[in-house]
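Protein chains: 2
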Amino acid sequence: MTIALIAEEAGVSVPTVSKVINGRPEVAPETRQRVERLLHLHGYQRRVGQADGPAGLVDLVFSEIESPWAMEIVRGAETAAREAGASVVISVLHTHAGPGRDWLERIAARRTDGVVIVASRLSAGLQRQLSARSMPFVVVDPEGEPPPNVASVGATNWNGGLAATRHLLELGHRRIGIIGGPADMLCSRARIDGYRAALETAGVAVAPELIRRGDFLVDSGRDQGRELLALADPPTAVFAGSDLQAFGVLEAARQRGLRVPEDLSVVGFDDLPLAQSAWPSLTTVRQPLQEMAALATRMVVASGPGAPEAKRVELATELVVRESTAPPRH
Amino acid sequence: MTIALIAEEAGVSVPTVSKVINGRPEVAPETRQRVERLLHLHGYQRRVGQADGPAGLVDLVFSEIESPWAMEIVRGAETAAREAGASVVISVLHTHAGPGRDWLERIAARRTDGVVIVASRLSAGLQRQLSARSMPFVVVDPEGEPPPNVASVGATNWNGGLAATRHLLELGHRRIGIIGGPADMLCSRARIDGYRAALETAGVAVAPELIRRGDFLVDSGRDQGRELLALADPPTAVFAGSDLQAFGVLEAARQRGLRVPEDLSVVGFDDLPLAQSAWPSLTTVRQPLQEMAALATRMVVASGPGAPEAKRVELATELVVRESTAPPRH
DNA sequence: CTGAAAGCGCTTACAG
DNA sequence: CTGAAAGCGCTTACAG
Numbered sequence: 001m002t003i004a005l006i007a008e009e010a011g012v013s014v015p016t017v018s019k020v021i022n023g024r025p026e027v028a029p030e031t032r033q034r035v036e037r038l039l040h041l042h043g044y045q046r047r048v049g050q051a052d053g054p055a056g057l058v059d060l061v062f063s064e065i066e067s068p069w070a071m072e073i074v075r076g077a078e079t080a081a082r083e084a085g086a087s088v089v090i091s092v093l094h095t096h097a098g099p100g101r102d103w104l105e106r107i108a109a110r111r112t113d114g115v116v117i118v119a120s121r122l123s124a125g126l127q128r129q130l131s132a133r134s135m136p137f138v139v140v141d142p143e144g145e146p147p148p149n150v151a152s153v154g155a156t157n158w159n160g161g162l163a164a165t166r167h168l169l170e171l172g173h174r175r176i177g178i179i180g181g182p183a184d185m186l187c188s189r190a191r192i193d194g195y196r197a198a199l200e201t202a203g204v205a206v207a208p209e210l211i212r213r214g215d216f217l218v219d220s221g222r223d224q225g226r227e228l229l230a231l232a233d234p235p236t237a238v239f240a241g242s243d244l245q246a247f248g249v250l251e252a253a254r255q256r257g258l259r260v261p262e263d264l265s266v267v268g269f270d271d272l273p274l275a276q277s278a279w280p281s282l283t284t285v286r287q288p289l290q291e292m293a294a295l296a297t298r299m300v301v302a303s304g305p306g307a308p309e310a311k312r313v314e315l316a317t318e319l320v321v322r323e324s325t326a327p328p329r330h
Numbered sequence: 001m002t003i004a005l006i007a008e009e010a011g012v013s014v015p016t017v018s019k020v021i022n023g024r025p026e027v028a029p030e031t032r033q034r035v036e037r038l039l040h041l042h043g044y045q046r047r048v049g050q051a052d053g054p055a056g057l058v059d060l061v062f063s064e065i066e067s068p069w070a071m072e073i074v075r076g077a078e079t080a081a082r083e084a085g086a087s088v089v090i091s092v093l094h095t096h097a098g099p100g101r102d103w104l105e106r107i108a109a110r111r112t113d114g115v116v117i118v119a120s121r122l123s124a125g126l127q128r129q130l131s132a133r134s135m136p137f138v139v140v141d142p143e144g145e146p147p148p149n150v151a152s153v154g155a156t157n158w159n160g161g162l163a164a165t166r167h168l169l170e171l172g173h174r175r176i177g178i179i180g181g182p183a184d185m186l187c188s189r190a191r192i193d194g195y196r197a198a199l200e201t202a203g204v205a206v207a208p209e210l211i212r213r214g215d216f217l218v219d220s221g222r223d224q225g226r227e228l229l230a231l232a233d234p235p236t237a238v239f240a241g242s243d244l245q246a247f248g249v250l251e252a253a254r255q256r257g258l259r260v261p262e263d264l265s266v267v268g269f270d271d272l273p274l275a276q277s278a279w280p281s282l283t284t285v286r287q288p289l290q291e292m293a294a295l296a297t298r299m300v301v302a303s304g305p306g307a308p309e310a311k312r313v314e315l316a317t318e319l320v321v322r323e324s325t326a327p328p329r330h
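In order, the protein sequence lines correspond to chains A and B.
Residue numbers are given in the UniProt record's numbering: position 250 of the first sequence equals residue 250, and the series is strictly consecutive.
Residue numbers are given in the UniProt record's numbering: position 312 of the second sequence equals residue 312, and the series is strictly consecutive.
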């Protein structure tokens, strides 16, 4: 939006618009008002030179970055952006409700090549506004069901849930607890469904009291783990929703004087670098977080102005067996 | 001061000066340097349509982001930037040599309010180039001795090393191993000096074989820890250079069948969120990473165009005693 | 790697 | 009050 365009729309000359912008006195009040309204309407901002190639920026939007999980996402996005000659801008919203108007206005004030939204809700309004500004976007691990025409990247969570649960069943476990993430996280629901499928296939009844929810952090693993272990008929194995949650379950087991894996088997999800260094080292479902973020970033920078192809990609998860799982005692 | 005047003084054309300012690659190195010196000398600032406003971007430059340590820095910087109405751009250089020409050209191609350089070397050349472009910058935890006129933020590493070592001495330990970071990290040298000071004050001889170096990651803690525990007269306590290194030492102790803290005391450094969840929970020296990054970010955005006041700030460290330290057996 | 020429968005001086 | 014309600082496309 240039003053030339504003001038045309207002039916005045370029110098007149310039005078309004600069508060010169010699402009007729009606003219001034008409021009001001148009300036405001179009959100006019002075533009220097005429660079306007790609901005070299990809916006990476988190709801929270408390977990080392987020660091893996940042690493993947940064690598892919750098390879494309771009840099990553981090925003943390501190809400799962998705980016709001504040954020959108800030983003609009500078240029960006595109937006990667991580583990957050994408409202229809935001989708429309991003599209209106020709900002391509991709959602990583969407919260809730993403609209069908939105590009997204995730992992094969259902398969991961299935593989983890089967591993425990094969070891001989029958009472298997599960701690999921927030109820509206799609990835978490898929894992729980994989857990159910494995149990049902094996002819093991699904016990509602063994299915718990928390956020993905250590504390919720400890709290839910404690409750599971305090049950009259406690589980002999727990499948946690994240590696951090699994660390919390390890803590709960220690507090009860249980040894892992002799008295309790624990499986995590993510395979963060720290999963190897924990004690006992963690059996977990690896999801390729760096690759997921890198792919989303590449989709966004490759798409140029205009929406990227709306497709859903799921990268493979893989069970990594370490020391935290073993057959149950009897 | 216009680019036309600079061009005349440098004996080049106006477009050439424009290319230098915008980080275009097609300028001969000698030409670039001559022009940069003049830009800096005259304190050049782009004058078109005077305002242009702040870019709303702070560049946060890491050499590596493998550790959750980096996440704490990101969180602090992001919070401070958001409070100032700005966003954080992440760059990872994958070298400790500090930002090079590549990076500088990319940065110059867009606007930035300033640069926070984390745990990297700041070359005189880079310092000159940032100044030439009126980009304020602050170094967090500088590698090597930073030039005296450079603003930097760190922690009271010497005091931290002193406090950790005193804690172990007070518990009765006399053979205390230490694993530092890379030899040219200033923060690491300060901690080792604090360790020496505590030993000397207590009249305990400093044993060279007990002083080790690694990077700050888990593997180096495990490797150096293993070597320390394999000594003919092994230490009864180890002060690690980071919490991750301490996790590695815990692993080395387990591999040797030693219990912590009964057979070996371990102290970390940083107090990452995970230090509480480890087992045993880690006695460590807390450094306020988020506050350090937030302060550096605020210094950079507050300084406006032109260099920030060149000052060195050290935030306080604090010993946090948990379960990984105890009196030695005898 | 360099710069003459054309062009950008915007401002100013001035004629009407 | 208004706008055609000249001008400003700067950038870009391109020929050499």
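Glycine included, C-beta positions come from ideal geometry on N, C-alpha and C.
Taking C-alpha positions only, B/Glu323 is separated from B/Ser281 by approximately 5 Å.
In this structure, A/Gly177 sits away from A/Pro327, with a CB-CB distance that is not shorter than 8 Å. With fewer than 16 other beta carbons inside 10 angstroms of its own, B/Ala232 counts as exposed.
Shown here for B/Gly114: same chain residues with a beta carbon closer than 8 Å to its own, the five before and five after excluded, namely Val58, Asp59, Met135, Pro136, Phe137, Val138, Val300, Val301, Ser303, Pro308 in chain order. The Cβ atoms of B/Val89 and B/Ala296 lie no closer than 8 Å to each other. In the structure shown, A/Met1 adopts coil according to DSSP, grouped into three states. A straight line joining the alpha-carbon of B/Arg128 with that of A/Ala119 spans about 41 Å.
At least 8 Å separates the CB of A/Ile73 from every CB of chain B. Taken through DSSP and simplified to helix, strand or coil, A/Val12 comes out as coil. In the structure shown, B/Thr283 adopts extended strand secondary structure according to DSSP, grouped into three states. In the DSSP annotation of this structure, A/Glu227 is not part of any beta strand (DSSP E); the continuous alpha helix (DSSP H) holding it starts and ends at 218-229. Excluding its 5 nearest sequence neighbours in each direction, A/Val285 has C-beta neighbours in its own chain below 6 Å: Gly160, Ala164, Phe269, Thr317, Leu319, listed in chain order. Assigned with DSSP and collapsed to three states, B/Gly154 falls in strand. Cα atoms of B/Gly180 and B/Glu262: separation of roughly 24 Å, rounded to the nearest angstrom.
In the same chain as B/Arg312, and ignoring 5 residues on each side of it, the C-beta atoms closer than 6 Å to its own belong to Ser152, in chain order.
A distance below 7 Å between beta-carbons, with the five flanking residues on each side excluded, links B/Val20 to the following residues of its chain, in chain order: Val27, Arg32, Val35, Glu36. B/Leu104 sits in a helix when the DSSP states are folded into three classes.
Within the stretch 230-252 of chain A, the residues whose Cβ lies closer than 9 Å to any Cβ of chain B are, in chain order, Leu244, Phe247, Gly248, Leu250, Glu251. Taking a beta-carbon distance threshold of 8 Å, B/Ser277 counts as an interface residue toward chain A. Residue burial annotation: A/Ala230 is exposed, with fewer than 16 other C-beta atoms found within 10 angstroms of its C-beta. Chain-order list of chain A residues neighbouring B/Arg254: Trp279, by C-beta distance under 8 Å. Under the Cβ distance rule, B/Leu258 does not count among the residues neighbouring chain A, no pair being separated by less than 8 Å.
At a beta-carbon threshold of 8 Å, the residues of chain B lying near A/Glu78 are Ile65, Ile90, Ser91, Val92, ordered along the chain.
Between the stretch 197-211 of chain B and the stretch 244-264 of chain B there are fewer than three C-beta pairs closer than 8 Å, too few to call the two in contact. The alpha-carbon separation between B/Met185 and B/Trp158 amounts to approximately 13 Å. Chain B places no beta carbon closer than 8 Å to that of A/Pro99, leaving this residue out of the contacts.
With a cutoff of 8 Å on beta-carbon distance, B/Gln255 and B/Ser220 are scored as not near each other. Proximity of chain A to B/Leu274 at the Cβ level (cut-off 9 Å) is accounted for by Pro68, Val218, Leu244, Phe247, Leu274, in chain order. Within the stretch 51-77 of chain B, complete beta strand (DSSP E) segments of at least 3 residues are found at 57-62, given in chain order. In this structure, A/Val206 lies away from A/Arg174, with their beta-carbon atoms at least 8 Å apart.
For B/Val204, there is no enclosing beta strand (DSSP E), as DSSP marks it with neither H nor E. A/Leu41 is classed as exposed because its beta carbon has fewer than 16 other beta carbons within 10 Å across all chains shown. B/Trp69 and B/Leu272 have their C-alpha atoms spaced approximately 7 Å apart. What A/Ser120 touches in chain B, judged by beta-carbon distance under 8 Å, is nothing: the nearest beta carbon there is about 15 Å away.
Taking all protein chains in view, the Cβ of A/Arg222 is crowded by 16 or more other Cβ atoms within 10 Å, so the residue is classified as buried.
Annotated three-state conformation of A/Glu314 is strand, per DSSP.
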